Each structure stands twice: as C-alpha cells, then as structure tokens.
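Engineer: In my numbering, the protein residues as written are 190 to 1174. Quick reminder that beta carbons are idealized off the backbone N, C-alpha and C, glycines included. In this text the structure is predicted, and so the values were computed from the model without any measurement.
#1: Which value, in whole angstroms, describes the spacing of the CA atoms of residue 434 and residue 442?
#2: Thinking C-alpha only, which one of 1043, 945, 1002 and 1160 is nearest residue 1106?
#3: For residue 491, which residues of its own chain have a beta-carbon under 7 angstroms away from its beta-carbon, when the five flanking residues on both sides are left out?
#4: Could you tell me whether the Cβ atoms of residue 892 and residue 844 are closer together than 8 angstroms?
#5: Considering only the alpha carbon of each residue, which of 612, 685 and 457 lies closest to residue 724?
#6: Can you have a look at residue 753 and say buried or exposed, based on whether 16 or more other CB atoms are within 10 angstroms of its CB?
#7: What whole-angstrom Cβ distance do residue 781 and residue 810 have, given they're in contact under 8 angstroms?
#8: Is DSSP giving residue 388 helix, strand or coil here?
#9: Consult DSSP for residue 908 and reduce its assignment to one of helix, strand or coil.
#10: Starting from residue 937, trace the beta strand (DSSP E) in both directions and tell me its first and last residue.
#11: Helix, strand or coil: how does DSSP classify residue 250 here?
#12: Kindly indicate which residue of 764, 913, 807 and 830 has the alpha-carbon position closest to the one of residue 514.
#13: Would residue 285 be called buried (16 or more neighbouring beta carbons within 10 Å of its own) or exposed?
#14: Determine the DSSP secondary structure at residue 980, reduced to helix, strand or coil.
#15: Along the chain, where does the alpha helix (DSSP H) that runs through residue 746 open and close?
#16: Taking 8 angstroms as the threshold, find out whether the region 588-601 comes into contact with the region 653-661 through three or more Cβ pairs.
#17: From residue 1076 to residue 1094, what does the alpha carbon distance come to, in whole angstroms?
#18: Compare the C-beta of residue 634 against all C-beta atoms of chain B and say whether one is closer than 8 angstroms.
#19: Under a three-way DSSP split, which group does residue 469 fall into?
#20: For the beta strand (DSSP E) containing residue 671, name the first residue and the last one.
#21: State the DSSP-derived secondary structure class of residue 605, mapped to helix, strand or coil.
#22: Could you compute how far the alpha carbon of residue 241 sits from the alpha carbon of residue 927?
#23: Could you tell me the boundaries of the beta strand (DSSP E) in which residue 780 lies?
#24: Check residue 227 in the structure and name its three-state DSSP category.
#25: Give the DSSP-derived three-state secondary structure of residue 240 in the structure shown.
#26: Check whether the Cβ atoms of residue 785 and residue 346 lie closer than 8 angstroms to each other.
#27: Between the beta-carbon of residue 291 and the beta-carbon of residue 382, is there less than 8 angstroms?
#28: Just reading off the alpha helix (DSSP H) that residue 711 is part of, what are its end residues?
#29: Thinking C-alpha only, which one of 417, 854, 460 and 363 is nearest residue 493?
#30: For residue 1162, I'd like the list of residues in its chain whose CB is within less than 6 angstroms of its CB, leaving aside the five on either flank, ordered along the chain.
#31: List the residues that DSSP assigns as beta-bridge partners of residue 317.
#32: Does the Cβ of residue 1128 have 16 or more other Cβ atoms within 10 Å, making it buried, or fewer, making it exposed?
#33: Which runs of the beta strand (DSSP E) fall wholly inside the region 522-585 and span at least 3 residues, in chain order?
#34: Looking at the secondary structure, which residues open and close the beta strand (DSSP E) in which residue 968 lies?
#35: Rounded to whole angstroms, what's the CA-CA distance from residue 820 to residue 950? Just pull it up for me.
#36: Of the choices 531, 619, 670 and 529, whose alpha-carbon is the least far from that of residue 576?
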C-alpha cells in the first residue's frame, strides 16, 4: 500500500517561495543529486512546519487527489494538531465525533455513524473489540502519526466498508524524511472533571534516521499518557416505557390510570413513563501506552521493503457511586405535556409500604490492547509496471484488568422511601424522595450484586497485492487482489446475586464506611422545582459515597453460608469468574476475497487539464458464527420489579452461516477549468457491512425480567450489508497559496438497512410467577401494586412449595402459571430505500503575511426518512446523521502559534432502541470551544512550549427519548488543560 506523499505542485512551489520570504517556521528543501532526478522525485521535497504549514500540506493533498479527499497533516514531525486524532478530524467538513468521558472516541462522516466508516492504518484494516465496526481513536496516540486522509468518494482500490468515508491513518516512515529526525515531548495535564485526581504526565518521543546512503532507515516512536478524569450523570435507568393513550394500569404494566392525572394523554395520543431516576458520580484513571518500530530497506532503487510493528494499550479503571429510585408503577399522580407524543412534566408515586432508596457502587477495570505486524514490498518492476505486496497480522483484545472484573455493581439500600417523584421540565431531572434526606448509614443493607468479566478478541490476517501499469500514451491501469480473514471471539460470564430485596440486617456495617455528601451542587444544568404539580416534594440531596472494598469484604463474610461454594473465582458470589464456559461464548469468522481494476487517464480540454478514473471492484464475503449461550429452566419473583431467571448450568450450541458478493463500479472525474479552480464529479456503489454483534449467532436473554416479560437479543449471520449508490459533485477554488474555498453536494441512495424486529418468544418454556392463578387472585384482592400483591401471596400461600416466605421468593409453577414471554430483538434487512443527501461548504483564508487565518465549514445533511416518534415500533432509519459546523481562528507568525476552535453538532438520532425496547434516543445539539497556544524559544532552536485547553466552557451532553422531557442521560465532565514542551532536532 502506498502512502499519499506531498507532491511538488505549482501550489507547493509557490508556497516555498512565500514561506522563505516570510518570518514563518523555516522551510527545508531536500537536495537532489541532479536536476533530472529532482524533476521526477515524488517524495516530500519540502518540509513546512507549524499550523500554517500543516494546513497547506493538507490543502495540497486535497487538490492533487483523484477524488474528493480531505486530509490532516502533522505540523511537524511527531506533532499532530491535537493530542487526540478524533479531535483533529472533527475540524474536517462533514466530520463529527462521539466523546467518551470528554475525549474523542468515534468518528462520523457526512452523517454516517462510526460503523459506516472504514478506518485503516497505513492502508490496512484494523481489528476492533467493541462489537461494532467502529475504531476507538481513544486507544491511539497522535505522536507517531504523520497524517490522516479522509476519502469521501470511492476508488476501486479502496477496501469496502466506508459508506461515509474511508479514513486512512498514516504513520511515520523514515524514507519519507531522510536523515536524522527526532522529537521529545512532555506535558502536564489538569482535568478539572475529576474530584479525586491530580495533575498527570504525558511523555512522547520519536527517533528517525537513514543510513548507508539512505538505503536503510529506522523509526522508533513511543508515548505514555496518564489521565485522571470524572463525570457526573443523571439517568433514567433502562429507559422509558411507551404506550398508546388508551392503555392504563389495568391493561399494561407501567401504564397509568385514568384518574388523578393533570392533562392525561388522550386515547389517540401516546405517552411514556420513566423506569428510574439515577444520579451517578464516576472517577476514571486511564493509562495509554503506544509504540511503533519501522524498518525500511532499499537494496536497489527499484525495491523498498518496510517492516513495521505497532502496539497500543489503553488501561481504564473506573469507580462510581450512585443513588436511585426505581419506580414500581404503583398508581401515580402526574402532570403531562400536550400530545400527540405526551411526556410527564412531573411523575409521582406514593407507597403503602416503604420502598428502597438504592445506592450502588462499582470498582472495575479493562485493558484494550492491540498489536499489528506488517510487511510491505514496493517493487518498481520496470518503467511501466509497479507492484506492491502488503501483508499484516493484527489482533486486538478487550479484557478484564481488575481483581473485581471488567464491570460490577454492588447495591445497598435503605428501605425508607415513602414516595418518589421526578420533575422532568428542565435539562436535569429533579428527584424528590419522601424521607430520602433522613436516611442514615445505619439504614443501609446490601441487596443484589453483579460481578462481570467479558473479553473480546479480534484477529485479522490480510494480504493485498496491488499493481499499476503505465501505458506509453494512453493512461494507466491499477489492479489488485486481497484476502482478508477477520475472526472475532467474544466471551462473557456474570456472577449475579439476586438479593434485590435485601439481605442481612440494618446496622451490619460501620457508619464511617458511609460518608454523606450532597448531589445538586455537583451539576451545572438547570432543574425543575415541581411547580407543575400540587403537594410537598422533598428534593433528594443526600448520597453516601460508601467504601466499595470495605462493604464488599464485610458482606462476603456475613452473607456467605458456611460450606457454600460460590460461582466466583474467590469461592463466593462477591467476585467475578473466569469460567467463560458457564455463560456466553461466541465466535464469528468473516472471510472476504476482493479484486479490482481501474483505468486512469489524463489529458486536456483545450487549456483545461483533466483526469478520469473508471474502476470495478468485486467483493465476496462468507460468514460463519458459532455460539454457546446459557439456558434457563425457572423464574423467581424476587422483588417488586425483578423476576430472576434460574440457569440450568448447561449451554446451547449453534452454528449459522451467511454469504454475499457484489460488483461495485466507480467513476471519478476531475478538471481544472481555470488555473487553481477544480471541478469534480463522482459515481460509485459501496457497501457497509453489518456490525459484528448483529452477525453473531445464538440468543442471549437478560437474567432479570419483570411483570411485562423478559427481553433478549439474537444475531443473524445472514444479514446483508447496507448498499449505497453515491453521487458527488464538488467545486474548489485555490485562490492563493494558503487559502481556498469549496462547495460540494453528495447524495447516497441506500437500501438493505437493518431493522430490529421484535419477536415474541417462549424460548425456554419457563413458568411466569406473575401470570397465573395466585397472581390473578392477588390482583383481584388488593389491586395492581406489586408490593401489595407479593404480600398477599405470602399471607395466603405460606405453605405453597413455590412460595418462599422467609426469602421473599415466589417461583413459577408450570402446573398453574402461563409461560414467561421474551421480546427478542432480531436484526433483519429492510427493503425500504432511503436517500441521504447534503451540502458541504468550506473556506480557509490567511490574511496576507500577517499570520492571521480563519477556517470555517458547514455540513448540511438531509437524512431522508426521519424517525416518527408517534409510532410504537422500530423503524429502519439511519442513526448518527446531523449537521455540523466548525469555526477556527489561527495565528502563526514570529514563532508564535495560536488556534481557537469552535465545534458544533446538531441534534441527531443516536439509537433506535432503549433498554425498554424500540424507543429512540436523541443526542442533543452540542458545541465545544478548544484552544492551543505555542511558542518557539529563539534561544534554543527546536524547543517549543505550549498550552492547550479543551471544552473550556464546561459543556455537558444530554440524550432524550421521544420528547425533550424524556431525558435518558445528562453527562457533565469539565475542561481539560495541558502545559508542556517539545524539543525537535
């Protein structure tokens, strides 16, 4: 695979003259042995540094490309514009990012989500462990990156998978910058989002050199980064339950009664009710280690061999505490918005007997680790023929990295809650709990817990042979074949205690283990004050940040019976297990064979140079998925809102297959109508493969159901990829050596989107303890309140073998109870056709030799069919599509560089499902301001000091459901600042 090199175009030649006459960073020219060689040289012949130099190199890549391409170039060796690649890419027109804990993680292009964009490393497909096809840019440091190319139109040589774009991350190669080059950097990072963390270090270095008349080269780069961060979240647990207006608490669990409501939804409306309200406070420690070794050897001028190894590791440890009130769907008194999609402004429940005020905690860690070994042979066989053989073996693994597993929750509760109400009228949901602020450490009891271990491993073996043949007078052809084998192995095992009704006694734990703190002073978002409801509401402002280690240890001692051997590796149920054969084990292999041919022709219409590229790519893919999943033979009603499945200890094995093949044509036409004005047109057909989770076989159900039934997912290896027919037009005017403006139109006609079909299944034929004779008799006697129903059954059936009064368990009885039904999310291809089109506008302008510049871009996307919030069913609508904009002010002169960037992304549909089923999630509009300032120390050439800031206005993110009031998550992080120095020679 060949990297896109910086070519000596008219733009580059002019730039070298401009920069040599200015006070910008120095320009170095690579001296050729003779004039003829210099004319033919296609290597990087000049090196420009700094913000302005980086932008001009990127502009030259864009202008000289054979399609619509945007690029990011390093400002200097070992220095990308941002420390996070995703943060850099969001400055590109049409590119937006998703953030995890305040850091750029995944990239969307032209409205297509991360799964619809293909990320390559030096032209190679990289493994991922997220279950999706999206690459997590949080795992890779930017210091060894020389550039990123975002190809928005397809050519035949591009691997398939990128409908939005193909993103190629290019790392440093010693032959690209011959001679000795080295850089070392250090910075101190202050993340204001953490309450417990401190200033953390980041170190990086790169050494590159060529020897023996540039026949041998070596490049070594490494980086080490620590970061301590935190966040505050407000959540509505598993989500919102939606109903037609005619449904009430007598027909549907979760439905609201017709009386005691203000502005209740009408029969022709729909409405939604919340499952929970949660406040969560999280601390996170991240250690990222990256390294790369590159060896290059050119025994003769016609052959270059490159051997490289890339290593990435990202260790993440997380601790959290939360407080929550789960609504039991007892008769409620609510105030509603107007229909047809109605939401509670205030949702309120009162209880006949005290309910739990839950406070959970967790302490867990994961390691994301990947390695890639590659070999590339570039052989100029003759003046007309070039062959490139590239092969790599890469793997990535996400695995537990903590004694308590890759995830866990240990729950405690005080059973003191007399009522619960939430005001949803503002951004932050305001939770009021009757008697909640009177809770004491001595009230707390341990309830349920889950200690989970999951590991996901992906391996890729890829072989690519590419060729180029130049005809004497009639253009050239590109051709190639590739074999790609992707193996994904996912395993998960949970050790779960279903004691959600509580174990032990109040006072089992030391009071000092439960320090009290406040809640609402930790949030900046506005919250409601229950002005829309009558009554007195006591806003909950008390939480115990309790000691996870101390409580877990004591609970393990107190609540593990003598002689009992638990499922965890520690011998109890208070730790995780590594016996993955107990639970979910899935293996998927995806084998792809491809071949392509492309004809390239350059000529002129009068004085207008043009080039055309016509190609065809063939792709064949075979999928095999083998799964082993847990099976169940019983169900226990253990608490008001929880029904626990009883596992058999056995597994169900299954193998499923799928296959497909495609012929994918493409045409790219580029013409320079007048000097420095380019017009481009492109047509292509592309595919976007289903995510890896969707093509996994086997059925996995949640171990906890409720009175509405159970839920689960099942994969479909026979899924076909999303097909897209693409049309692109672009006009670009490079009106000065450092400035340009462009406008582009794109249209994508898609088919074969994926619907998540709800299939009702009695998969295990389990008796449902909340759907039978005893349950019906209890409802007739005491109504629909779950606590009252359970108590009536305990009082009236104390000797029933399926009723355990002492432990508060009501088990299903197949002789009298109906079967527990599961709603299984099953992915299936939709035949609906969707057209997505949009416009991209961009300008880059520098004001003469002042050093001042500005960049602005705006992408307008029409998603075609939008999600209809009124329909209570899944809809085949593409997610993550939104408008985006950037505005960046730049100064680069006299050794001083500064950049202030404003990034905005409009609201978008981020998911078509919640934990409650086919209910949408919308991520609200978000903007962020970042800056970067650096200064080159004149007294020590090569030394630069810098200061950076991210999210300096402390913005927060918010996700809602069918209406703005249906908040699902509000996450507040904070600003992050870095102070550092870099020395380059």
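Structural biologist: Looking at the atomic coordinates:
#1: Walking along the chain shown from the start, residue 434 turns up at place 245. Walking along the chain shown from the start, residue 442 turns up at place 253. Their backbone Cα atoms lie some 14 angstroms apart in a straight line.
#2: Taking the chain shown and counting its residues from 1, the one referred to as residue 1106 is at position 917. For the residues 1043, 945, 1002 and 1160, the minimum Cα distance to residue 1106 belongs to 945.
#3: Taking the chain shown and counting its residues from 1, one reaches residue 491 at position 302. Hits under 7 angstroms: 568 and 569.
#4: What you label residue 892 is simply residue 703 of the chain shown in a count that begins at 1. What you label residue 844 is simply residue 655 of the chain shown in a count that begins at 1. Not a contact, by the Cβ cut-off of 8 angstroms.
#5: If you number the chain shown from 1, residue 724 lands on position 535. Per the Cα distances, 612.
#6: As a working mapping, residue 753 is identified with position 564 in the chain shown. Exposed: under 16 other Cβ atoms inside 10 Å.
#7: Walking along the chain shown from the start, residue 781 turns up at place 592. Walking along the chain shown from the start, residue 810 turns up at place 621. Yes, residue 781 and residue 810 are in contact; Cβ-Cβ is about 5 angstroms, under 8 angstroms.
#8: Sequence index remark: in the chain shown, residue 388 carries index 199 (1-based). Coil at residue 388, not helix or strand.
#9: Counting from one through the chain shown, the residue named residue 908 turns up at place 719. DSSP places residue 908 in coil when its eight states are reduced to three.
#10: Here residue 937 corresponds to residue number 748 of the chain shown, with the count starting at 1. Where residue 937 is concerned, the enclosing beta strand (DSSP E) stretches over 928-940.
#11: To locate residue 250, count along the chain shown from 1; it is residue 61. Helix, per DSSP.
#12: By 1-based counting over the chain shown, the position of residue 514 is 325. Looking at the Cα atoms, 830 is the closest of the given residues.
#13: Walking along the chain shown from the start, residue 285 turns up at place 96. Residue 285 comes out buried.
#14: Taking the first residue of the chain shown as 1, we reach residue 980 at position 791. Residue state, collapsed to three classes: helix.
#15: The sequence position of residue 746 within the chain shown is 557, counting from 1. Per DSSP, residue 746 belongs to the alpha helix (DSSP H) from 737-748.
#16: no
#17: Walking along the chain shown from the start, residue 1076 turns up at place 887. Walking along the chain shown from the start, residue 1094 turns up at place 905. Cα-Cα distance, rounded: 12 angstroms.
#18: Absent here is chain B; the protein component of the structure consists of one chain.
#19: Position 280 of the chain shown, counted from the first residue, corresponds to residue 469. Reduced to three states, the DSSP call for residue 469 is strand.
#20: Here residue 671 is taken as the residue at index 482 of the chain shown, counted from 1. Note, residue 671: beta strand (DSSP E), 665-686.
#21: Walking along the chain shown from the start, residue 605 turns up at place 416. Residue state, collapsed to three classes: strand.
#22: Residue 241 sits at position 52 when you count from the first residue of the chain shown. Residue 927 sits at position 738 when you count from the first residue of the chain shown. In a straight line, the C-alpha of residue 241 is about 8 angstroms away from that of residue 927.
#23: If you number the chain shown from 1, residue 780 lands on position 591. Segment 773-794, the beta strand (DSSP E) holding residue 780.
#24: Your numbering for residue 227 matches position 38 in the chain shown. For residue 227, the predicted structure reports a pLDDT of 37, less than 50, and the residue's modelled location is therefore unreliable. The matter cannot be settled from this model.
#25: By one-based count along the chain shown, residue 240 stands at place 51. Three-state DSSP puts residue 240 in a helix.
#26: For the purposes of this step, residue 785 is taken as residue 596 along the chain shown, with counting starting at 1. For the purposes of this step, residue 346 is taken as residue 157 along the chain shown, with counting starting at 1. Going by C-beta atoms, residue 785 is nearer than 8 angstroms to residue 346.
#27: Taking the chain shown and counting its residues from 1, the one referred to as residue 291 is at position 102. Taking the chain shown and counting its residues from 1, the one referred to as residue 382 is at position 193. For residue 291 and residue 382, yes; Cβs fall inside 8 angstroms.
#28: Start at 1 with the first residue of the chain shown, and residue 711 comes out as number 522. Unbroken run through residue 711: none, as it is neither H nor E.
#29: The residue you call residue 493 lines up with position 304 of the chain shown. Selected option, being the one with the closest Cα: 363.
#30: Indexing the chain shown from 1 puts residue 1162 at position 973. Taken in chain order, the residues that qualify are 291, 382 and 420.
#31: Position 128 of the chain shown, counted from the first residue, corresponds to residue 317. In the DSSP output, where bridge partners are listed per residue, residue 317 has none listed.
#32: Position 939 of the chain shown, counting from 1, holds the residue named residue 1128. With fewer than 16 Cβ atoms within 10 Å of its Cβ, residue 1128 is classed as exposed.
#33: 523-525 and 533-569
#34: The count along the chain shown starts at 1 and reaches residue 968 at position 779. Where residue 968 is concerned, there is no enclosing beta strand (DSSP E), although the alpha helix (DSSP H) it sits in stretches over 962-971.
#35: Here residue 820 refers to the residue found at position 631 of the chain shown. Here residue 950 refers to the residue found at position 761 of the chain shown. Going from the Cα of residue 820 to the Cα of residue 950 covers about 14 angstroms.
#36: For this step, residue 576 is matched to residue 387 along the chain shown. Ranking the options by Cα distance to residue 576, first place goes to 670.
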